[in-house]
Amino acid sequence: NAGVMQNPRHLVRRRGQEARLRCSPMKGHSHVYWYRQLPEEGLKFMVYLQKENIIDESGMPKERFSAEFPKEGPSILRIQQVVRGDSAAYFCATRPGQGVTVAPDTQYFGPGTRLTVL
Amino acid sequence: QQPVQSPQAVILREGEDAVINCSSSKALYSVHWYRQKHGEAPVFLMILLKGGEQKGHEKISASFNEKKQQSSLYLTASQLSYSGTYFCGTELMTGANNLFFGTGTRLTVIP
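So the protein lines, in turn, are chains A and B. When we follow our numbering, the leftmost residue of the first sequence carries the number -3, and every step to the right adds one. When we follow our numbering, the leftmost residue of the second sequence carries the number 14, and every step to the right adds one.
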């Protein structure tokens, strides 16, 4: 039973390039969350998606950042024209669920992608 | 919306107990506790729901005071493996389902 998978685990980009981070949920999980963690800091919520829908993107910068969770394939967090301040660990977390629910459920985290912008 | 955790850091000797607190200014539906070791992903410990509490591990338990919007994590008879940074994640009553995490409590257990 595979857990949440993220790739790449480490990503190095030069300023101005694009970064694409992938998250494959656990089997049966249809809810995906993306978080950013700066060194020695906590996790900051970025975006919450379900299949083909963005439910909440209130934590995501308005420019350069976008996320999707297509019907088929992994969820992707895309950062365009990266800057040094984008250097961080990006975690996705997934949970099961059927439709939108207010019932809490455990979020399982992937191993993260550590982005370094030179 | 971000909860406040205390203390920021604590050092224990093996076998000692510790309490980590998490406080929110918003009405909470649930509190989730995670432990993260350096360079690794956060690992789920337990979830506390409005109206109840849930024990996730043998010597790690937690409480949730709904009136005060506070949760505490109790670690008893600490082991070396307990070392790491503990985060609480809070889910608001708005039903948004995303979690707001505290800044973490760094726990170090020494022999």
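Just so it is clear, CB atoms sit at the ideal spot from N, CA and C, and this is done for glycine as well.
Cβ neighbours of residue i in the same chain (closer than 8 Å, five flanking residues each side left out)
{"i": "valine 96 (chain A)", "result": "For valine 96 (chain A), the predicted structure reports a pLDDT of 43, less than 50, and the residue's modelled location is therefore unreliable. A value from the coordinates is still provided. So the qualifying residues of the chain are Gln46 and Ile51."}
{"i": "asparagine -3 (chain A)", "result": "With a pLDDT of only 49 at asparagine -3 (chain A), under 50, the local geometry of the prediction cannot be trusted, and the value read off the model is given with reservation. Correct list, in chain order: Met22 and Lys23."}
{"i": "glutamate 27 (chain B)", "result": "Ser91, Gln92, Leu93, Val122, Ile123 and Pro124"}
{"i": "proline 55 (chain B)", "result": "Tyr47, Arg48, Gln49 and Phe100"}
{"i": "proline 57 (chain A)", "result": "none"}
6 Å Cβ shell around residue i - same chain, five flanking residues per side excluded
{"i": "arginine 80 (chain A)", "result": "Val113"}
{"i": "leucine 17 (chain A)", "result": "Leu73, Tyr86 and Thr109"}
{"i": "serine 20 (chain A)", "result": "Met1 and Pro70"}
{"i": "valine 25 (chain B)", "result": "The identity of residue 25 (chain B) in the sequence shown is leucine, whereas the question assumes valine. The answer, listed in chain order, is Ala31, Ser91 and Val122."}
{"i": "arginine 10 (chain A)", "result": "Leu114"}
{"i": "glutamine 77 (chain A)", "result": "Gly12 and Arg60"}
{"i": "glutamate 29 (chain B)", "result": "Ser91"}
Cβ-Cβ distance between residue i and residue j below 9 Å
{"i": "threonine 118 (chain B)", "j": "tyrosine 99 (chain B)", "result": "yes"}
{"i": "cysteine 88 (chain A)", "j": "glutamine 13 (chain A)", "result": "no"}
{"i": "glutamine 83 (chain B)", "j": "alanine 40 (chain B)", "result": "no"}
{"i": "valine 28 (chain A)", "j": "phenylalanine 61 (chain A)", "result": "no"}
{"i": "tyrosine 44 (chain A)", "j": "asparagine 34 (chain B)", "result": "no"}
{"i": "leucine 73 (chain A)", "j": "valine 8 (chain A)", "result": "no"}
{"i": "tyrosine 86 (chain A)", "j": "glutamine 33 (chain A)", "result": "yes"}
{"i": "glycine 97 (chain B)", "j": "lysine 50 (chain B)", "result": "yes"}
{"i": "lysine 67 (chain A)", "j": "glutamate 48 (chain A)", "result": "yes"}
First and last residue of the uninterrupted beta strand (DSSP E) at residue i
{"i": "glutamate 64 (chain A)", "result": "61 to 64"}
{"i": "glutamate 48 (chain A)", "result": "Per DSSP, glutamate 48 (chain A) belongs to no beta strand (DSSP E) and is neither H nor E."}
{"i": "valine 0 (chain A)", "result": "Segment: none, valine 0 (chain A) is in no beta strand (DSSP E) and carries neither H nor E."}
{"i": "arginine 5 (chain A)", "result": "First-last for arginine 5 (chain A): undefined, no H or E at that position."}
{"i": "serine 94 (chain B)", "result": "No beta strand (DSSP E) holds serine 94 (chain B); DSSP gives it neither H nor E."}
{"i": "alanine 22 (chain B)", "result": "22 to 26"}
{"i": "threonine 109 (chain A)", "result": "109 to 113"}
{"i": "glutamine 18 (chain B)", "result": "17 to 19"}
Identity of the residues DSSP links to residue i by a beta bridge
{"i": "tyrosine 99 (chain B)", "result": "B:Arg48 and B:Thr118"}
{"i": "asparagine 78 (chain B)", "result": "B:Gln83"}
{"i": "proline 92 (chain A)", "result": "A:His25"}
{"i": "leucine 105 (chain B)", "result": "B:Leu41"}
{"i": "leucine 88 (chain B)", "result": "B:Ala31 and B:Ile73"}
Close-in-space but distant-in-sequence residues of the same chain around residue i (CB under 7 Å, 5 per side omitted)
{"i": "proline 107 (chain A)", "result": "Gln2 and Arg5"}
{"i": "methionine 106 (chain B)", "result": "Ala40, Leu41 and Tyr42"}
{"i": "glycine 115 (chain B)", "result": "Gln15, Pro16, Val17, Gln18, Cys35, Phe100 and Cys101"}
{"i": "tryptophan 46 (chain B)", "result": "Leu58, Met59, Ala75, Leu86, Tyr99 and Cys101"}
{"i": "phenylalanine 77 (chain B)", "result": "Val44, Leu61, Glu66 and Ser84"}
{"i": "valine 23 (chain B)", "result": "Ala31, Thr118 and Leu120"}
{"i": "serine 37 (chain B)", "result": "Pro16, Gln82 and Thr103"}
{"i": "histidine 25 (chain A)", "result": "Thr90, Arg91 and Pro92"}
{"i": "proline 20 (chain B)", "result": "Thr118"}
{"i": "glycine 55 (chain A)", "result": "Lys40, Phe41, Met42 and Val43"}
Closer than 8 Å: residue i CB and nearest the ligand FAD heavy atom
{"i": "glutamine 77 (chain A)", "result": "Although the ligand FAD was asked about, the structure shown includes no ligands whatsoever."}
For this session: Report the residue ranges of all beta strand (DSSP E) runs contained in full by the stretch 28 to 75 of chain B; include only those spanning at least 3 residues, in chain order.
Result: If we require 3 residues or more, the beta strand (DSSP E) runs fully inside the stretch 28 to 75 of chain B come out as 31 to 36, 41 to 49 and 56 to 62.
Problem set entry | Contained beta strand (DSSP E) runs [length at least 3] in the stretch 9 to 89 of chain A, N- to C-terminal order | List check, beta strand (DSSP E) in window: 15 to 20, 25 to 33, 39 to 46, 49 to 52, 61 to 64 and 71 to 75.
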